[in-house]
Amino acid sequence: MKHFLDIHKTDAKALRGMIDAARAMKEARNGRPKGMPDDEQPLAGRMVALIFEKPSTRTRVSFDVGIRQMGGQTMVLSGREMQLGHGETIADTARVLSRYVDLIMIRTYEEQTLLEMAEYATVPVINGLTNRTHPCQIMADVMTFEEHRGPIQGRKAVWCGDGNNVCASWLHAAGQFGFDFTFSGPQTLDPEAEFLGFARKKGARIAVERDPAKAVAGADLVIADTWVSMHDSESSKERRHNQLRPYQVNDELMAHAKPDALFMHCLPAHRNDEVTSAVMDGPHSVVFDEAENRLHAQKAVVRWCLGL
Ligand code: CP
Ligand code: NVA
Numbered sequence: 005m006k007h008f009l010d011i012h013k014t015d016a017k018a019l020r021g022m023i024d025a026a027r028a029m030k031e032a033r034n035g036r037p038k039g040m041p042d043d044e045q046p047l048a049g050r051m052v053a054l055i056f057e058k059p060s061t062r063t064r065v066s067f068d069v070g071i072r073q074m075g076g077q078t079m080v081l082s083g084r085e086m087q088l089g090h091g092e093t094i095a096d097t098a099r100v101l102s103r104y105v106d107l108i109m110i111r112t113y114e115e116q117t118l119l120e121m122a123e124y125a126t127v128p129v130i131n132g133l134t135n136r137t138h139p140c141q142i143m144a145d146v147m148t149f150e151e152h153r154g155p156i157q158g159r160k161a162v163w164c165g166d167g168n169n170v171c172a173s174w175l176h177a178a179g180q181f182g183f184d185f186t187f188s189g190p191q192t193l194d195p196e197a198e199f200l201g202f203a204r205k206k207g208a209r210i211a212v213e214r215d216p217a218k219a220v221a222g223a224d225l226v227i228a229d230t231w232v233s234m235h236d237s238e239s240s241k242e243r244r245h246n247q248l249r250p251y252q253v254n255d256e257l258m259a260h261a262k263p264d265a266l267f268m269h270c271l272p273a274h275r276n277d278e279v280t281s282a283v284m285d286g287p288h289s290v291v292f293d294e295a296e297n298r299l300h301a302q303k304a305v306v307r308w309c310l311g312l
C-alpha cells in the first residue's frame, strides 16, 4: 500500500519522481482551460474521498480539480457531517470508505487520526495537513523553487516565524532533497527536535538563528506562514503575535537575503502580520505559483499512490 503520509516516510527517489512527473504534467497541459481533461486519463473509473476536518481553500479545490483533470471522480466530505464527527471510530470509517473509494485524502487535527486511517484503510491515504505536518504543500513548494531557480539541492532556505506543521515538512524536505534550512523564530516556538534531527541525520545543514537578519543572509529562499495555525487556541493569539512580530518578512528583511531570493508562503496569508503586502506582491514572491503547483504536485502524488 503506497500511502503518502509524510515526506520523511517516502523514499527520496519516489519524491524526486513525483516532482518531475508533476512538472511534466503541468507542461503537457500547456495553459489549457482548467476544466479540460488531460490527454492521459489515468484515473478514469476511480473515486476519491476528500475529507476535511478543518477549513481549506487550496487543498480542497486543487485535489478536486486535479483528480477530475485525470479522469477521476471526487466526493468532498466534511468531518463534522460524517459519523466520524459523532463517535464512529476512525478504524471503522477507514474500513467502510475503503469499500467505496479508491483513495482517501484527509485533513485533520491529530496525526494519530491520519495514522489510524492509513492503518485500517485498504486503499492509499494522503495527508492533506495535520497539526504536525503538511507534506503536499512542500512538494508543491519544492517544485515551485526548481521551476524558478533550478535544483534545490545545496541551496539555502530560511523559515521566519512559528516552527509549525509547514515548517516541519520543510525540514523533512531538507533531509530528503538535500538543501540547507535555517529556522528563525523565538525559542518557545522552535520546531520539534524530531524534525530537526531527521534533517540533520540525513546530512542537511540545519541551523537555528534567533536574529532574522542574520538568518536570511545568503538565503535563496525566505519562507513565512501564519502566526496562528488552525489548531492553535484563540487565547494564544496575542502572545504569538507579540513573540513573532520581530520575524515579519518585510522589504528590510528581504534586503539581507540574496538579491534573487524567492519568497514563499503556503497561504492563507495575514497581510502585514507575518509578511507585508509589499513582499507578498513584490518581485521576490512566488506565492501564487506555489498555490497553482498544489494542483500539479498532488496529481503526481495521487498517481504514485495508485501506481498509475
Ligand atoms: N496552503 C493550504 O493548504 O491552503 P488551504 O488551507 O486553503 O488548503
Ligand atoms: N500552519 C497553517 C497552514 C495552513 C495551510 C495551519 O495549520 O493553519
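Residues 5 to 312, numbered by our numbering, are exactly what the sequence shown covers, in order.
The C-beta atom is built at its ideal place from N, Cα and C for all residues, glycine as well.
Given the structure, does residue i come close to the ligand NVA, in the sense that its CB is under 7 Å from one of the ligand's heavy atoms?
i, result
"D42", "no"
"H138", "yes"
"D194", "no"
"N297", "no"
"S237", "no"
Could you round the C-beta distance between residue i and residue j to whole angstroms and report it? I think they count as a contact, below 8 Å.
i, j, result
"L19", "Q180", "6 Å"
"A177", "I227", "Their Cβ separation, rounded to whole angstroms, is 11 Å, which puts A177 and I227 out of contact at 8 Å."
"F149", "L225", "6 Å"
"E294", "D145", "6 Å"
When we look at the beta-carbon of residue i and count the other beta-carbons within 10 Å, is it buried (16 or more) or exposed?
i, result
"R62", "buried"
"S239", "exposed"
"M268", "buried"
"G165", "buried"
Run the proximity test for residue i: is its beta-carbon closer than 7 Å to any non-hydrogen atom belonging to the ligand CP?
i, result
"I173", "One detail in the question is off: residue 173 reads as Ser in this sequence, not Ile. Not so, every heavy atom of the ligand CP lies at least 7 Å from the Cβ."
"Q77", "no"
"P272", "yes"
"R275", "no"
"L133", "yes"
"Q141", "yes"
"R62", "yes"
Taking 7 Å as the cut-off, is the beta-carbon of residue i closer than that to any non-hydrogen atom of the ligand FMN?
i, result
"L119", "This structure lacks the ligand FMN; the ligands present are the ligand CP and the ligand NVA."
Chain B beta carbons: is any one of them nearer than 8 Å to that of residue i?
i, result
"G167", "In the structure shown, chain B cannot be found, because there is only a single protein chain."
Using the C-alpha atoms, what's the distance from residue j back to residue i?
i, j, result
"R214", "D43", "49 Å"
"D194", "W163", "11 Å"
"R33", "A259", "36 Å"
"K38", "L271", "21 Å"
"L88", "F56", "11 Å"
Leaving out five residues before and five after residue i in sequence, what residues of the same chain have Cβ atoms less than 7 Å from its Cβ?
i, result
"T126", "S102"
"V105", "M51, V52, A53, V127"
"Q302", "S66, F67, G70, C140"
"R275", "S281, M284"
Can you name, in chain order, every residue of its own chain whose Cβ lies under 8 Å from the Cβ of residue i, other than the five neighbours on each side?
i, result
"L4", "The requested residue 4 is not part of the displayed model; the chain covers only 5 to 312."
For residue i, collect the residues of the same chain with a Cβ closer than 6 Å to its Cβ; drop the 5 residues on either side in sequence, then sort them by chain order.
i, result
"I94", "T117, E120, M121"
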